[in-house]
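Here the structure comes first, spelled out in structure tokens, and everything after it is commentary.
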Amino acid sequence: MGYAMTAPSFWLHSLGPVTPRSPLDGDRDVDVAIAGGGYTGLWTAYYLSQLAPHLSIAIVEAEYCGFGASGRNGGWASGLFPVPEAKLARRYGASRAAAMHAALAGAVDEVGRAAAAEGIDCDYAKGGTITLARTPAQLRRQQGSAGFVDAAEAAAMCGATGVLGGVYSPDCAALHPAKLVRGLASVVEARGVTIYEGTRVQRITRGQIVTDHGTLRAGTVVRALEGYTARLAGHRRALAPVYSLMIATEPLPESDWERIGLGRRETFADERHMVIYGQRTADDRLAFGGRGAPYHFGSRIEASYDRVPAVFDSLRDTLTEMFGIKPEIAYRWGGPLGIPRDWMPSVGLADGFGWAGGYVGDGVAAANLAGRTLADLIAGQESDRTTLPWVGHRSRRWEPEPIRWVGINAALHATSLRDVLERPRAS
């Protein structure tokens, strides 16, 4: 297999070695062919196999299920959506915008329900999420927001330094992402879905997925590649692969947790512009990540890009600054996520081609909703999901290089600078 991860995530490492499934061997005919063995592809197969059990379904995955973002993310099943509800309302109307956000909140619960129903122990804990305000500028942005809590309430949830307030949402669960994706793959396989691993998609054309091991011919083909979409011929400018990196500590002593809190395993962040995210794992580590790694020219994806020492050091220093601890870092990893040009995730089906993605890093619950929606569309079943604003949405393509490289990296630098300028100055 070509693309090998240099350092598996904490999540993947904790499950032990992978025994890959067999690759595709020659050409095959199925009813539905899915490119991508992550959450989106697997949830689509899961729900479609229930709605239309007569359909033959096959998934092709370049490495193994969960190799990409589904096995490396921060473990937030959240109701977050990259487009604010007010902006959605201006374009689609208030009722449809509210329906989109309600559906995402419901997806958080659906992930937990489905995992429990299928016996997938993925350390699911719905403690909500707290976004802290730790500078006056951050506090000003939060005041008046739904879910705003004062400094005492926020610090009681997450005992970071300098807490001035926060915004709490109940619509988030912490989980072990690799346990979820591995368990889901086993469940859909037991339902009769065929999974081919070690099989890289080269191109998707009408009625077929062409791979390095043969061709899957199908009445419906689905693209569910997220950050790896840019590797697909003809799709390089559909989603920009932007890297997010993570660290995980050794298990922390109880004395640290008495100060940090997160007793319900609330996920946490703060209101800085450059995204950070963290959770308390089931075995009492801090798993913590953030953006800031550069975008690579030509939407290139390489194993070496998963590791940026300066970003890892920054993440460690941020944990120390936030919690007054100097933890031993046990794991460091990263990977690409998919960003559409307008930051609007989408799901759809047209002329036998289905797609979903562009989650901008908030895909754990959104992929579940996307999979249920794709299953409805493929089965020809109308539902409340099939009328949501993201259904059928088409983002315009990213600019060609070098404009894309200059623009994305300039935006990353500007975001970092805004945070620097908002830090209180020493008197």
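Residue 427 is where the sequence shown ends in full-length UniProt numbering, and the numbering goes up by one at each step.
Cβ atoms here follow ideal geometry from the backbone N, Cα and C, with glycine treated the same way.
Bear in mind that the values here come from a model prediction, so they are computed numbers and not experimental data.
- In this structure, tyrosine 277 places its C-beta atom within 8 Å of the C-beta atom of tryptophan 76.
- Secondary structure within the region 85-168: the beta strand (DSSP E) runs of 3 or more consecutive residues, fully enclosed, are 129-133 and 148-150 (chain order).
- Rounded to whole angstroms, the separation of the alpha carbons of arginine 394 and arginine 91 is 14 Å.
- In the DSSP assignment, the residues bridged to alanine 35 are Val60 and Arg223.
- Note on geometry: alpha-carbon atoms of glycine 352 and glycine 207 lie some 7 Å from one another.
- Here alanine 152 is exposed. Its C-beta has fewer than 16 other C-beta atoms within 10 Å.
- Taking a contact as a CB-CB distance under 8 Å, the pair aspartate 31 and leucine 15 does not count as one, their CB atoms being some 31 Å apart.
- Put simply, of Ala103, His176 and Phe81 the residue whose alpha carbon is nearest the alpha carbon of alanine 115 is His176.
- In this structure the region 184-192 does not lie against the region 296-305, because fewer than three pairs of beta carbons, one per stretch, are closer than 8 Å.
- The count of Cβ pairs closer than 8 Å, one atom from the region 58-71 and one from the region 171-185, reaches three, so the stretches are in contact.
- Of all alpha-carbon atoms in Ala137, Phe10, Gly261 and Phe81, the one lying nearest the alpha-carbon of alanine 105 is that of Phe81.
- Nearest in C-alpha terms to tyrosine 124, of all of Arg134, His101, Asp109 and Pro345, is Asp109.
- Under the criterion of beta carbons closer than 8 Å, aspartate 362 and histidine 273 do not qualify as touching, at roughly 16 Å.
- Judged by DSSP secondary structure, tryptophan 355 falls within the beta strand (DSSP E) whose first and last residues are 353-357.
- The residues Ile195 and Glu197, in chain order, have a CB closer than 6 Å to that of arginine 21 in the same chain once the five nearest residues on each side in sequence are set aside.
- Bridge partners of tryptophan 76 according to DSSP: Ala174.
- Comparing C-alpha distances from phenylalanine 288 to each of Ser186, Arg316 and Arg396 shows the shortest one belongs to Arg316.
- Exclusion of the five residues before and after phenylalanine 268 leaves Ile130, Cys158 and Gly278 as the residues of its chain whose Cβ lies within less than 6 Å of its Cβ.
- Shown here, proline 309 sits in a helix according to DSSP, grouped into three states.
- Looking at the DSSP output, tyrosine 196 shares a beta bridge with Val60.
- Cβ neighbours of valine 83 within its own chain (closer than 7 Å, five residues either side excluded): Trp343 and Met344.
- Straight-line measurement puts the Cα of alanine 146 at about 29 Å from the Cα of glycine 371.
- Apart from sequence neighbours up to five positions away, the residues of its chain that approach proline 23 with a beta-carbon distance below 7 Å are Tyr196, Glu197, Gly198, Thr199 and His213, ordered along the chain.
- In the DSSP assignment, threonine 267 is bridged to Thr129.
- Ranked by Cα distance from leucine 232, the options Glu61, Asp27, Asn368 and Asp29 are led by Glu61.
- Between the alpha carbons of lysine 126 and aspartate 256 lies a gap of roughly 22 Å.
- Residue environment for proline 424: exposed (fewer than 16 other C-beta atoms within 10 angstroms of its C-beta).
- The distance from the Cβ of valine 149 to that of tyrosine 46 is about 36 Å, inconsistent with a contact at the 8 Å cut-off.
- The Cβ-Cβ distance between alanine 224 and isoleucine 403 does not fall below 8 Å.
- With 16 or more other Cβ atoms from the protein chains shown falling within 10 Å of its own Cβ, threonine 249 counts as buried.
- Only residues of its own chain outside the window of five on either side were considered, and among them Pro251 have a CB closer than 7 Å to the CB of aspartate 283, listed in chain order.
- Of all C-beta pairs linking the region 131-138 to the region 160-175, three or more are shorter than 8 Å, placing the two stretches in contact.
- Between alanine 350 and threonine 40, the C-beta gap is not smaller than 8 Å, which leaves the two residues out of contact.
- For tryptophan 343, no beta strand (DSSP E) run applies, since DSSP gives it neither H nor E.
- Straight-line measurement puts the Cα of arginine 140 at about 42 Å from the Cα of glycine 37.
- DSSP, reduced to helix, strand and coil, places arginine 332 within a strand of the structure shown.
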